[in-house]
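One structure is given below, encoded as structure tokens.
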Amino acid sequence: MRLLYSLFFCFCCLFVAPKVVAAEAWSLPSTINDTNTTVTFDVDSTWHAVHGTTSQVTGTIRQRDPADPLSIEVDLTIPVGSFNTNWESRDERLAQVIGADQFKQVRFTSSKLLATCHPLRVQNERHCSGTLAGTLTIRDVTRPIALPVEVVRSQGKDTITGKLAVRWADYDVEDPSILIARLDPTVTITYSTEVPLR
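So the sequence shown is numbered by the working numbering: it starts at 16 and just counts up by one.
Right, here's the structure in full:
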């Protein structure tokens with residue numbers, strides 16, 4: 016029996032341990048900015064789908080506990096003043112209902128990457144789907160969210176993408192519609208960011 020235990024231990028050392036070391040490959044902390052991150056939003060309107068862009072995105076990605084590759088902390092902010100739907104009147108209305116003069120930023124923070132997207136899976140399969148547990152703050156309302164993520168590894172980096180549906184009313188945002196173009200009560204946020212590998 017002791018011989019079996021010894022063989023099992025050797026197997027773990029040879030095959031499991033090297034994979035764990037190799038899987039912890041994100042170069043963290045990593046800075047979030049417009050060169051490696053995009054955040055856009057889409058919402059249906061009376062006439063057509065409205066596509067919006069953002070800029071001046073800032074933040075960091077770090078690993079809170081070096082021994083826990085799932086302890087991923089993201090802190091991302093986007094200036095409300097950078098929202099652009101390619102229509103000045105609509106952009107002004109959006110800034111007004113969010114209260115851009117007082118609440119200048121939208122903020123997302125996370126505390127953990129759920130185990131369905133463990134770094135070992137990215138290492139072995141080159142991709143995985145998972146969820147970041149965190150909060151989203153718009154105006155003075157902060158709500159817990161489960162942010163879906165798709166991680167794909169290629170060319171020395173991991174690209175993280177996903178979409179999140181948000182209802183204006185959940186964040187005390189007045190209907191941003193203007194008289195001649197009504198907007199849907201739900202907006203879809205799409206994001207992409209690149210994390211370098213060590």
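In this text, a Cβ means the ideal position worked out from N, Cα and C, and glycines have one as well.
Everything numeric in this text was worked out from a predicted model, so none of it was measured.
Just to confirm my understanding: we take residue i, look at its own chain, exclude 5 residues before and 5 after, and list those with CB closer than 8 Å. What are they?
i: LEU212; result: ALA40, TRP41, SER42, ARG168, GLY171, LYS172, ASP173
i: CYS132; result: CYS143, SER144, GLY145, THR146, VAL164, VAL166
i: VAL214; result: A question about residue 214 goes unanswered here, because the residues of the chain that appear run from 16 up to 213.
i: ARG105; result: VAL65, PRO191, ILE193, ALA196
i: TRP141; result: According to the sequence shown, residue 141 is Arg rather than Trp. Taken in chain order, the residues that qualify are VAL167, ARG168, SER169.
Looking only at its own chain, which residues have a Cβ that is under 6 Å from the Cβ of residue i, when we skip the five neighbours before and after it?
i: GLN71; result: PRO94, SER97
i: SER207; result: THR53, THR176
i: SER45; result: ILE76, VAL210
i: VAL58; result: VAL65, LEU198, ASP199, VAL202
i: ARG79; result: SER86, GLU88
i: THR205; result: THR55, LYS178
i: LEU129; result: GLY145, THR146
Name the residue from the options whose alpha carbon lies nearest to the alpha carbon of residue i.
i: ARG108; options: PRO200, GLU189, ASN48, SER144; result: GLU189
i: THR100; options: GLY145, CYS132, PHE56; result: PHE56
i: ARG158; options: VAL181, ARG141, TRP62; result: VAL181
i: ALA184; options: VAL164, VAL112, LEU135, CYS143; result: VAL112
i: GLY67; options: ASP49, TRP102, ALA82; result: TRP102
i: LEU135; options: SER126, ASP83, ALA110; result: ASP83
i: LYS127; options: ALA110, ASN139, GLU140, PRO81; result: PRO81
Go ahead and label residue i buried or exposed: buried means 16 or more other beta carbons lie within 10 angstroms of its beta carbon, across all protein chains shown.
i: THR69; result: buried
i: VAL156; result: exposed
i: ALA161; result: exposed
Which same chain residues, not among the five before or five after residue i, have their C-beta less than 7 Å away from its C-beta?
i: ILE47; result: VAL72, THR73, GLY74, THR75, ILE76, LEU91, THR208
i: ASN51; result: THR208, GLU209
i: ALA115; result: VAL95, GLY96
i: VAL36; result: Low confidence applies here, because VAL36 scores a pLDDT of 40, under 50, leaving its location unreliable; read the following figure in that light. None.
i: ASP187; result: ARG154, VAL156
Checklist entry - Using 8 Å as the Cβ pair cut-off and three pairs as the minimum, do the stretch 115-130 and the stretch 143-157 touch? => result yes
Next on the checklist: Restricting to runs no shorter than 3 residues, where is the beta strand (DSSP E) found entirely within the stretch 49-133?
Outcome noted: Look at the stretch 49-133 and you find these whole runs of beta strand (DSSP E), each 3 residues long or longer: 52-59, 64-68, 73-78, 87-94, 120-128.
Next on the checklist: As an exercise, report each continuous beta strand (DSSP E) stretch of at least 3 residues that is fully enclosed by the stretch 161-209, in chain order.
Outcome noted: 172-182
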